[in-house]
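**Student:** I have a structure I would like to understand better, so I am pasting it below and will then ask my questions one at a time.
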Amino acid sequence: MPLIEQAVETAARRPVLSVQNLKTHFLTDAGVIKAVNGVSLSVGEGETLAVVGESGSGKSVTGLTVMRLLGRTTARVVGGSIEFIDRDGKAIDLLNLSDMGMEKVRGHDIAMIFQDPMSSLNPVFTIGNQIAEPIRIHQGYGKKEARAKALDLLRQVGISDPESRIDSYPHQLSGGMRQRVMIAIALACDPRLLIADEPTTALDVTIQAQIMALLKQLQAERNMAMIFVTHDLKLVDEIADRVAVMYASQVVEEGPVDQVLGHPRHPYTKALLECIPSRRDAQGERRQLHPIPGTLPNPLSPPSGCRFHPRCAFAADICIASDPELEAVARDHVTRCLRWQEVAL
Amino acid sequence: MSEQADIERSAAEIRVQPLLSARGITRHFGNDGGMFSKASAPIRAVEGVDLDIASGEVLGVVGESGSGKSTLGRLVLRLIEPTSGTVSFDGKDLCSLQTGEMRRFRRHMQMIFQDPFSSLNARMTIGDALVEPIALHLGLRGQAARDAAVGVLERVGLHADHMKRYPRMFSGGQRQRIAIARALASSPRFIVADEPVSALDVSVQAEVINLLQQLQKELGLTLMFISHDLSVVEVITDRVMVLYLGRVMELAPTESLYGNPAHPYTAALLQAAPGMTSVKKHILKGEIPSPANPPSGCVFRTRCPFAIDACAHTVPTLRPVGPDHLKACIRDDIEL
Chain P
836 MPLIEQAVET AARRPVLSVQ NLKTHFLTDA GVIKAVNGVS LSVGEGETLA VVGESGSGKS
896 VTGLTVMRLL GRTTARVVGG SIEFIDRDGK AIDLLNLSDM GMEKVRGHDI AMIFQDPMSS
956 LNPVFTIGNQ IAEPIRIHQG YGKKEARAKA LDLLRQVGIS DPESRIDSYP HQLSGGMRQR
1016 VMIAIALACD PRLLIADEPT TALDVTIQAQ IMALLKQLQA ERNMAMIFVT HDLKLVDEIA
1076 DRVAVMYASQ VVEEGPVDQV LGHPRHPYTK ALLECIPSRR DAQGERRQLH PIPGTLPNPL
1136 SPPSGCRFHP RCAFAADICI ASDPELEAVA RDHVTRCLRW QEVAL
Chain V
-16 MSEQADIERS AAEIRVQPLL SARGITRHFG NDGGMFSKAS APIRAVEGVD LDIASGEVLG
44 VVGESGSGKS TLGRLVLRLI EPTSGTVSFD GKDLCSLQTG EMRRFRRHMQ MIFQDPFSSL
104 NARMTIGDAL VEPIALHLGL RGQAARDAAV GVLERVGLHA DHMKRYPRMF SGGQRQRIAI
164 ARALASSPRF IVADEPVSAL DVSVQAEVIN LLQQLQKELG LTLMFISHDL SVVEVITDRV
224 MVLYLGRVME LAPTESLYGN PAHPYTAALL QAAPGMTSVK KHILKGEIPS PANPPSGCVF
284 RTRCPFAIDA CAHTVPTLRP VGPDHLKACI RDDIEL
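From first to last, the protein sequence lines are chains P and V. First residue of the first sequence? That's 836 in my numbering, and the numbers climb one at a time after it. First residue of the second sequence? That's -16 in my numbering, and the numbers climb one at a time after it.
This is the structure:
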């Protein structure tokens, strides 16, 4: 066991967030949906951890649980811990923090950006107002100083002529510009951790490339930790240091990006990679795509044993009978597969 | 050498008898001023596009949002009327057809949409949804129509048991299969697929792409495949048209376009797409301008890293740069 913990926690960087065995359940009329079921993640200063998975894998819910943005009536955190290490090196237990305490952390120490900037911006306030708000609340700046800082932030996120834009309303901006404004709001208080949930999914490829470059640059300048939630493995390769692959509410593989994508040790990761259309090979031949057979499991009644066994090409009797744990396959690289030593991926 | 000959032969076939052909097709949207409103500058969605698709060919149409690719797809099906220009299908001028004639003609040309959650009627069983076009276009009734429906359902990998179910009982991938089955129900020759896999997860996306490819081969379908995802387009198409602000920037066989893009916009798109190239020489600055007020000369010049003064004055024409490879750029002295 200690080997695994050693593998999961990269000691090299000063840790910022450590999630252990997190369990978030939704109570619905049809039953309990275990949306996050025993997820452990950690991210350090200046590091980007990508959380990748298909819809319903629990990647977004993990991010929302860290931010404590889930409604209390339906969502319950039933187990695990979320520890955030603040600027002074003090560990804060986010799950047991009071609502007031959490409000001080949210937007200040940890910020989040979402997929759709139109619905996450307030349509009735100018963007200047919305950027200045966290600065005034968390850092106690006056109106004028906050506006000056907002102007500076707009410049930093690459909005040209910020003086003429600061009094615009969200509907007056394009999708790419709105996402830049969201990033400006998120970065207003110099957070130690940024959670980006599919921030470029709604954007054109050219704008996506701009936003990716911007996020990378701002992160490097600020030595910020980032959790990048996405469904797109190709983006993972571009932005992240480490990647956690989620399937059916669990992390099934985690490790350095080049290792996980280059030499996957979980059949699901391998299968996902084979679904991606890639360039033709040297002979100009089209590569056949290999879809994953079957469908995502019903979250109300996930399969027994390994969640992936009904769709896995390597499934054996043992995969149906026993629950796999994360096992270290190399330094910093873990997989949740009982047969990783036997199967050739 | 034989490859070269192949390309020339296929080019010749297209010139001989394209299945679908559009000339100078243009569509402007906007009000021309009513009793109480002033005329506003029209949105120039599609501007003078010439297009030939050979029988059995898969043509990709790519571009950013606002480039006019969906409008073009609807124009070639005459789901919307062109402002000017002509579309002909199998030698017949579509725009000259009367409503009734056009309706009968529709069995030959169908469409698949992006979102299988909104393109299927939630209150109709899959069986009813399939029997409707079969009855309408093929004139089959009763058991014959149901048998035909089961036939197309099986073609897309579903089976007879699914006939009595409602769309909500299916996953996204299965719904897209049903939407494809519905498009196939009237045995069309030409299908416009508008972002058919964009709303799907990657594992399901691969499944639907493989299905479309297989159906296209088996049935000899002619396909116009509209997508913003360059890697999907590379897998499925024979030729690709790159649109920007409603104008064709480049048109070339897929391998040639991806291997040697000739237009700065195509090169920029390929570099921006994640995982397409390792070199990111030019991240395109700015955003697509308003189609109500497109730049003079070459519409791409405001974002083009190679723009010179002449680009503002000359509207570039599509001209050949290789076998079947056309570009609309006046510069030949640039290294992309």
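For every residue, glycine included, the Cβ atom is placed at its ideal position computed from N, Cα and C. Remember, predicted model here, so these are calculated numbers, not experimental data.
Can you have a look at His142/V and say buried or exposed, based on whether 16 or more other CB atoms are within 10 angstroms of its CB?
**Tutor:** exposed
**Student:** Measuring only the C-alpha atoms, how far is Leu195/V from Phe96/V?
**Tutor:** 13 angstroms
**Student:** Relative to chain P, which residues along the region 151 to 179 of chain V have a C-beta separation below 9 angstroms, given in chain order?
**Tutor:** Ser154, Gly155, Gly156, Gln157
**Student:** What does Met1047/P pair with, by DSSP beta-bridge criteria?
**Tutor:** Looking at the DSSP assignment, Met1047/P forms no beta bridge with any residue, so it has no partner.
**Student:** Looking at chain B, is there any beta carbon in it that lies within less than 9 angstroms of the beta carbon of Ser890/P?
**Tutor:** The structure shown contains no chain B; its protein chains are P and V.
**Student:** Should Thr1041/P be flagged as near chain V, meaning a C-beta pair shorter than 9 angstroms?
**Tutor:** For Thr1041/P, the nearest CB of chain V lies under 9 angstroms from its own CB, placing it at the interface with that chain.
**Student:** Rounded to whole angstroms, what's the CA-CA distance from Arg286/V to Asp212/V? Just pull it up for me.
**Tutor:** 21 angstroms
**Student:** Using a cut-off of 9 angstroms between C-beta atoms, extract the partners of Lys1069/P located in chain V.
**Tutor:** Ser214, Ala256, Pro257, Gly258, Met259
**Student:** Got a sec: is the Cβ-Cβ distance from Pro303/V to anything in chain P below 9 angstroms?
**Tutor:** no
**Student:** For Cys1110/P, would you say it is in contact with chain V, using Cβ-to-Cβ distances shorter than 9 angstroms as the test?
**Tutor:** yes
**Student:** In this structure, does DSSP put Lys925/P in helix, strand or coil?
**Tutor:** If DSSP states are grouped into helix, strand and coil, Lys925/P belongs with coil.
**Student:** Quick check for students: name the residue ranges of the alpha helix (DSSP H) that lie wholly in the region 922 to 985 of chain P, counting only runs of 4 or more.
**Tutor:** 934 to 940, 952 to 955, 962 to 974
**Student:** Give the list of continuous alpha helix (DSSP H) stretches no shorter than 4 residues that lie fully inside the region 1078 to 1164 of chain P.
**Tutor:** 1092 to 1097, 1102 to 1110, 1152 to 1156
**Student:** Alpha carbon to alpha carbon, how far is Arg151/V from Glu880/P? Give it in angstroms, no decimals.
**Tutor:** Cα-Cα distance, rounded: 45 angstroms.
**Student:** Please report the straight-line C-alpha distance between Glu998/P and Gln965/P, rounded to a whole angstrom.
**Tutor:** 15 angstroms
**Student:** Any Cβ of chain P within less than 9 angstroms of the Cβ of Ser186/V?
**Tutor:** yes
**Student:** Buried or exposed, going by whether 16 or more other CB atoms sit within 10 Å of the CB of Lys869/P?
**Tutor:** buried
**Student:** Answer with buried or exposed for Asp987/P, where buried requires no fewer than 16 other C-beta atoms within 10 angstroms of its C-beta.
**Tutor:** With fewer than 16 other Cβ atoms inside 10 Å of its own Cβ, Asp987/P counts as exposed.
**Student:** Quick one: grab the DSSP three-state call for Phe88/V.
**Tutor:** helix
**Student:** Put His296/V into one of helix, strand or coil per three-state DSSP.
**Tutor:** helix
**Student:** Identify the contact partners of Glu1073/P in chain V, using a Cβ-Cβ distance below 7 angstroms as the criterion.
**Tutor:** Pro257
**Student:** Please state whether the Cβ-Cβ distance between Ile1042/P and Glu270/V is less than 9 angstroms.
**Tutor:** yes
**Student:** Using a Cβ-Cβ cut-off of 7 angstroms (strictly less than) and excluding sequence neighbours within five positions of Pro1005/P, which residues of its own chain qualify?
**Tutor:** Met953, Leu956, Pro958, Ile962, Arg1013.
**Student:** Taking only three categories from DSSP, how would you classify Arg148/V?
**Tutor:** coil
**Student:** Nearest by alpha-carbon distance to Asn872/P: which of Arg1166/P, Thr900/P, Gln1052/P, Arg848/P is it?
**Tutor:** Thr900/P
**Student:** Using a threshold of 9 angstroms, state whether the C-beta atoms of Leu1068/P and Met1059/P are closer than that.
**Tutor:** For Leu1068/P and Met1059/P, no; Cβs fall outside 9 angstroms.
**Student:** Along the region 1095 to 1108 of chain P, what residues have a CB closer than 8 angstroms to any CB found in chain V?
**Tutor:** Ala1106, Leu1107
**Student:** Does any C-beta atom of chain P lie closer than 9 angstroms to the C-beta of Ala251/V?
**Tutor:** yes
**Student:** So, with DSSP's three-state summary, where would you put Pro247/V?
**Tutor:** Three-state result, Pro247/V: helix.
**Student:** Shortest alpha-carbon distance to Val298/V belongs to which of Leu2/V, Gly229/V, Ala311/V, Leu228/V?
**Tutor:** Ala311/V
**Student:** Using a Cβ cut-off of 9 angstroms (strictly closer), state whether Ser954/P contacts chain V.
**Tutor:** no
**Student:** Let me make sure I understand the geometry here. Which of Ala1048/P, Pro1026/P, Cys1024/P, Leu1028/P has the alpha-carbon closest to that of Thr1035/P?
**Tutor:** Ala1048/P
**Student:** Kindly give me the distance between the Cβ atoms of Pro1128/P and Ala1083/P, rounded to whole angstroms, as I take these residues to be in contact under 8 angstroms.
**Tutor:** Taking the Cβ atoms as the reference, Pro1128/P lies roughly 15 angstroms from Ala1083/P, outside the contact range of under 8 angstroms.
**Student:** Touching or not, the region 229 to 244 of chain V and the region 57 to 69 of chain V, by the rule of three or more beta carbon pairs under 8 angstroms?
**Tutor:** No, the region 229 to 244 of chain V is not in contact with the region 57 to 69 of chain V.
**Student:** Please report how far the alpha carbon of Lys894/P lies from the alpha carbon of Thr1130/P, in whole angstroms.
**Tutor:** 18 angstroms
**Student:** May I have the straight-line CA-CA distance separating Phe909/P from Thr863/P, to the nearest angstrom?
**Tutor:** Position check: residue 909/P holds Thr in this sequence, whereas Phe was assumed. Their Cα atoms are separated by approximately 7 angstroms.
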